[in-house]
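Student: Sending over a structure as structure tokens; questions will come in a sec.
In this note's numbering, the protein residues as written are 832 to 948.
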């Protein structure tokens, strides 16, 4: 009596996936996808620029903003040389509020940019 060769689970999975036909993607669909990706990249670039402008407009440097952000999230050093003044706290909060608005706007734009695809 000859036994059937046993296949590994990976071999079985490979055979199960083979019968599925590959979907054909039209040229039009590829163009729509490429266009959507370009729009998303543009939104992301604009968002980064707006965030940088918001930080600058607050009066904080990018580095100081990062330092305060890290200290707020418990990731930064906690020595006295990094203490945050009341003015800096206010500037930081203003920048953070604006950044949150930018993120919400960006998310809406991304959804609109991909909704036609």
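Beta carbons are placed, not taken as given, at the ideal position from N, Cα and C, and that holds for glycine.
For the alpha helix (DSSP H) that contains residue 916, what are its first and last residues?
Tutor: The count along the chain shown starts at 1 and reaches residue 916 at position 85. It is not in any alpha helix (DSSP H) - residue 916 carries neither H nor E in the DSSP assignment.
Student: If you measure between the beta carbons of residue 930 and residue 888, is that distance less than 9 Å?
Tutor: Taking the chain shown and counting its residues from 1, the one referred to as residue 930 is at position 99. Taking the chain shown and counting its residues from 1, the one referred to as residue 888 is at position 57. For residue 930 and residue 888, no; Cβs fall outside 9 Å.
Student: Going by C-alpha distance, which of 859, 868, 883, 878 is nearest residue 923?
Tutor: Here residue 923 is taken as the residue at index 92 of the chain shown, counted from 1. It is 883.
Student: Less than 9 Å between the C-beta atoms of residue 774 and residue 936, yes or no?
Tutor: Residue 774 is absent from the model: the chain starts at 832 and stops at 948.
Student: With DSSP collapsed to three states, give me the class of residue 901.
Tutor: As a working note, residue 901 is residue 70 in the chain shown. Looking at residue 901 - three-state DSSP - the assignment turns out to be helix.
Student: Kindly indicate the opening and closing residues of the alpha helix (DSSP H) around residue 890.
Tutor: Locating residue 890 in the chain shown gives position 59, counting from the first residue. It is not in any alpha helix (DSSP H) - residue 890 carries neither H nor E in the DSSP assignment.
Student: Nearest-angstrom Cα distance between residue 891 and residue 864?
Tutor: Taking the first residue of the chain shown as position 1, residue 891 is located at position 60. Taking the first residue of the chain shown as position 1, residue 864 is located at position 33. Their Cα atoms are separated by approximately 39 Å.
Student: Can you list, in chain order, the residues of its chain whose CB lies under 8 Å from that of residue 944, leaving out five sequence neighbours each side?
Tutor: Against the chain shown, residue 944 aligns to sequence position 113. Here the set comprises 867, 870, 871, 874.
Student: Thinking C-beta only, is residue 927 closer than 9 Å to residue 900?
Tutor: Position 69 of the chain shown, counted from the first residue, corresponds to residue 900. Position 96 of the chain shown, counted from the first residue, corresponds to residue 927. Closer than 9 Å, so yes.
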